[in-house]
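Step one of this worksheet: look at the structure below.
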DNA sequence: TACCGCTTGTGAACGTGTGCACAAAGTCAG
DNA sequence: CTGACTTTGTGCACACGTTCACAAGCGGTA
Ligand SMILES: NC(=O)c1ccc[n+]([C@@H]2O[C@H](COP(=O)([O-])OP(=O)(O)OC[C@H]3O[C@@H](n4cnc5c(N)ncnc54)[C@H](O)[C@@H]3O)[C@@H](O)[C@H]2O)c1
Ligand SMILES: NC(=O)c1ccc[n+]([C@@H]2O[C@H](COP(=O)([O-])OP(=O)(O)OC[C@H]3O[C@@H](n4cnc5c(N)ncnc54)[C@H](O)[C@@H]3O)[C@@H](O)[C@H]2O)c1
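Residue numbers (the UniProt record's numbering), protein chains in the order written: chain H, 1 to 266; chain X, 1 to 266.
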């Protein structure tokens with residue numbers, strides 16, 4: 001019951017539908033706004049994540065006084081293939097100048113617009129333990145348009161205590177506080193058993209995006225976006241590579257007999 | 001030409017070529033992997049990450065007293081498609097019984113073997129600030145075969161202070177301590193400007209896997225595996241979805257004929 | 001033993017993402 | 001104005017990952 005599987009992204013929107021693009025809008029600004037919206041749907045998830053990386057690199061370049069960058073420069077700085085970078089940028093439009101490159105300021109503006117960073121996203125952290133403290137004290141989020149505006153916990157000893165310059169609230173106040181402060185992103189840093197219940201509360205309070213640090217699979221309605229950060233999985237993936245490497249080394253040593261480096265000549 | 005190792009993480013990348021031009025190829029071009037380990041190498045990266053998730057779910061089931069599971073049960077618990085789960089499991093062998101399912105204990109053992117969890121992986125954390133403290137105090141890693149055996153920082157006020165039951169060492173001692181304690185995974189939780197230098201030290205000390213929390217692209221030799229956890233990127237991806245959702249809603253509202261509340265007009 | 005229902009394991013289709021290579025489009029020097 | 005040079009933007013082929021669908025195999029049952 002209450003079946004709610006299938007996180008298949010609802011393809012409910014008609015792809016070929018000629019969205020009201022020809023309808024004139026009172027907006028005298030860029031004429032491509034509707035097109036941009038259509039495009040936003042088509043940006044691959046992986047590309048979106050990379051755009052965020054490009055944005056940070058570009059910000060660093062701008063602070064360093066750079067006016068323009070070529071795709072090659074930016075690609076090296078971001079650690080990707082330059083062709084991939086250009087394709088990623090092409091998803092959001094054509095803002096480069098052939099023979100020259102991209103204007104840093106323009107690119108920053110466009111990426112921020114696509115990522116929805118033109119408005120601030122209020123963040124609430126739930127579970128002010130080890131990790132919650134670190135997140136609350138971290139200065140990197142507010143500086144990037146993600147002000148942490150609320151902290152929640154169940155522990156009565158913690159409620160009311162200021163952390164990172166902000167008092168911890170009780171989780172029973174999630175609905176009220178989230179509404180008041182227009183929280184759009186909820187961060188879950190509670191112990192695993194509490195995560196689903198906390199998630200449900202956040203969702204009920206209207207939070208549409210969840211960043212989950214607890215190692216559990218959250219069940220959410222279709223309209224809520226969840227991203228999970230699972231450090232144990234990261235470590236285990238690294239472990240896999242260690243093991244693979246060790247195996248390869250063993251096999252190679254065995255196969256090579258006495259030969260060490262160099263190519264296998266047959 | 002030279003074999004190009006793809007990027008591991010979703011975003012994190014390890015560019016094979018440094019900033020200099022692509023003049024030479026210092027890569028000795030190691031031989032291809034023989035058949036036996038070909039299987040391990042053939043497991044898709046995405047599947048490896050999911051195997052780690054299955055493992056955790058299975059552990060929970062085992063504690064709960066379950067003896068066997070079907071692919072359907074396990075898939076639901078892990079939040080994936082059952083076909084995908086079976087394919088993932090098929091990469092590591094055929095350990096199921098048709099008509100019955102999988103024996104929990106067997107599956108746990110096999111996944112642990114493939115992920116290299118049969119031996120412990122000593123972890124060192126560098127940068128004992130907000131995040132480093134949280135990681136050092138976290139009990140979930142040692143319990144899963146990843147004992148944190150060393151903590152490093154530059155801050156003289158921090159060196160010698162016990163954190164999570166372990167004294168912080170100075171980063172100058174990285175080579176000695178990492179060798180003594182056979183550290184195989186290094187976690188970087190320093191400010192971004194220090195990350196590359198710290199990474200270089202770890203690599204020099206023989207650490208082959210790095211988990212990086214600093215929002216920078218690390219340059220490492222080919223034989224070192226890097227995974228990046230970038231919380232700012234996670235938030236920005238969520239922001240993108242919020243924006244897309246808002247745009248879609250706006251378009252729909254517009255299409256419905258009447259602007260609703262608070263939309264930017266003129 | 002023969003049958004039946006259930007679940008695995010996998011071949012194949014499909015969709016998504018990546019990388020190459022090049023025409024198009026711009027700059028700049030003369 | 002022309003021509004040489006640089007860099008973008010993208011069509012295309014390929015690789016990777018996901019999903020479907022079903023034969024193969026197993027346990028239980030008569
Ligand atoms: N600390 C880390 O480095 C780390 C690493 C990886 C994963 N995690 C995960 O992050 C989560 C938090 O880790 P932690 O080390 O901060 O744990 P912690 O025990 O230090 O903190 C948990 C906090 O959540 C609060 N809490 C408990 N139940 C709650 C509820 N129902 N509602 C609200 N708050 C509640 C507790 O009072 C406590 O303050 C865990 O799920 C853990 O597995 C942590
Ligand atoms: N705290 C968070 O929640 C959070 C979230 C996202 C990303 N990050 C990233 O994680 C990293 C750490 O964040 P934090 O909040 O813990 O920072 P922090 O400033 O609290 O801690 C940094 C620690 O690193 C130490 N350090 C500085 N230079 C060093 C060096 N060369 N070698 C070794 N140690 C050195 C400092 O002494 C300090 O103890 C940063 O890169 C940050 O961007 C943190």
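Using N, Cα and C, we set each Cβ at its ideal position, and we do this for glycine too.
Identify which residue in X:86, X:141, X:65 has its Cα closest to the Cα of residue 104 (chain X).
Nearest C-alpha to residue 104 (chain X): X:65.
Whose CA, out of H:96, H:90, H:146, lies closest to the CA of residue 116 (chain H)?
Looking only at H:96, H:90, H:146, the smallest Cα-Cα distance to residue 116 (chain H) is reached by H:146.
When DSSP builds the beta bridges, which residues end up paired with residue 109 (chain H)?
In the DSSP assignment, no residue is bridged to residue 109 (chain H).
Spatial neighbours of residue 175 (chain X) within its chain, please: CB distance less than 7 Å, with the 5 preceding and 5 following residues excluded, ordered by chain position.
Taking residue 175 (chain X) as the centre and dropping the five residues before and after it, the same chain places the C-beta of 204, 205 closer than 7 Å to its C-beta, in chain order.
Alpha carbons only, please: which of H:163, H:140, H:143 is nearest the one belonging to residue 150 (chain H)?
It is H:163.
Is residue 92 (chain H) close to chain X, meaning its C-beta is less than 8 Å from at least one C-beta of that chain?
No Cβ of chain X is located within less than 8 Å of the beta carbon of residue 92 (chain H).
Would you kindly check if the distance between the Cβ of residue 207 (chain H) and the Cβ of residue 184 (chain H) is under 8 Å?
Cβ distance < 8 Å, so residue 184 (chain H) and residue 207 (chain H) count as in contact.
Assign residue 230 (chain H) to buried or exposed, taking buried as 16 or more other Cβ atoms, counted over all protein chains shown, within 10 Å of its Cβ.
Residue environment analysis places residue 230 (chain H) among the buried positions, since at least 16 neighbouring C-beta atoms fall within 10 angstroms of its C-beta.
Listed by chain order, chain H residues near residue 234 (chain X) by CB distance under 7 Å:
Correct list: 211, 227, 229.
Given this structure, state the Cα-to-Cα distance separating residue 218 (chain X) from residue 97 (chain X), to the nearest angstrom.
Straight-line measurement puts the Cα of residue 97 (chain X) at about 45 Å from the Cα of residue 218 (chain X).
What three-state label does DSSP hand residue 214 (chain X) in the structure shown?
Residue 214 (chain X) falls in the coil class under three-state DSSP.
Closer than 9 Å by beta-carbon distance: list the chain X residues that pair up with residue 98 (chain H), in chain order.
Result: empty, since nearest Cβ-Cβ is about 22 Å, beyond 9 Å.
In this structure, how does DSSP classify residue 191 (chain X) when only helix, strand and coil are distinguished?
Three-state result, residue 191 (chain X): coil.
Examine the Cβ distances between the segment 133-145 of chain H and the segment 195-202 of chain H and report whether three or more of them are shorter than 8 Å.
With fewer than three CB-CB distances shorter than 8 Å, the segment 133-145 of chain H does not count as touching the segment 195-202 of chain H.
Consider the Cβ of residue 32 (chain H): report whether some Cβ of chain X lies at a distance smaller than 8 Å.
Low per-residue confidence applies at residue 32 (chain H): pLDDT is 36, beneath 50, and the placement is therefore not dependable, though the value from the model is reported in the following sentence. Interface flag for residue 32 (chain H) against chain X is unset, since no Cβ pair is found closer than 8 Å.
Per DSSP, the bridge partner or partners of residue 153 (chain H)
Beta-bridge partners of residue 153 (chain H) (DSSP): H:170.
Between residue 146 (chain X) and ligand 1, is the CB less than 7 Å from at least one heavy atom?
No, ligand 1 has no heavy atom inside 7 Å of this Cβ.
Is any non-hydrogen atom of ligand 2 found closer than 7 Å to the C-beta of residue 140 (chain H), if you look at the structure I gave you?
Checking every heavy atom of ligand 2 against the Cβ of residue 140 (chain H), one is found closer than 7 Å.
For residue 154 (chain X) versus residue 123 (chain X), is the C-beta distance shorter than 8 Å?
For residue 154 (chain X) and residue 123 (chain X), no; Cβs fall outside 8 Å.
What first and last residue would you give for the alpha helix (DSSP H) that runs through residue 71 (chain H)?
In the DSSP annotation of this structure, the continuous segment of the alpha helix (DSSP H) that includes residue 71 (chain H) starts and ends at 71-78.
For ligand 2, any of its heavy atoms closer than 7 Å to the Cβ of residue 188 (chain H)?
Shortest gap from the CB of residue 188 (chain H) to any heavy atom of ligand 2: 7 Å or more.
Do we get a CB-CB distance below 8 Å when we pair residue 152 (chain H) with the residues of chain X?
By this cut-off, residue 152 (chain H) is not an interface position.
Any heavy atom of ligand 2 closer than 7 Å to the Cβ of residue 156 (chain X)?
Not so, every heavy atom of ligand 2 lies at least 7 Å from the Cβ.
Of all Cβ atoms in chain H, is any one closer than 8 Å to the Cβ of residue 125 (chain X)?
Residue 125 (chain X) has a beta carbon lying at 8 Å or more from every beta carbon in chain H.
Which residues, in chain order, does the segment 236-248 of chain X contribute to contact with chain H at a C-beta distance below 9 Å?
For the segment 236-248 of chain X, which is checked against every Cβ of chain H, the residues closer than 9 Å are 236, 237, 238, 239, 240, 241, 242, 243, 244, 245, 246, 247, 248.
Can you tell me where the alpha helix (DSSP H) holding residue 59 (chain X) begins and where it ends?
Boundaries of the alpha helix (DSSP H) around residue 59 (chain X): 45-63.
How far does the beta strand (DSSP E) with residue 124 (chain X) in it reach, from first residue to last?
Looking at the DSSP string, the run of the beta strand (DSSP E) that includes residue 124 (chain X) is 122-126.
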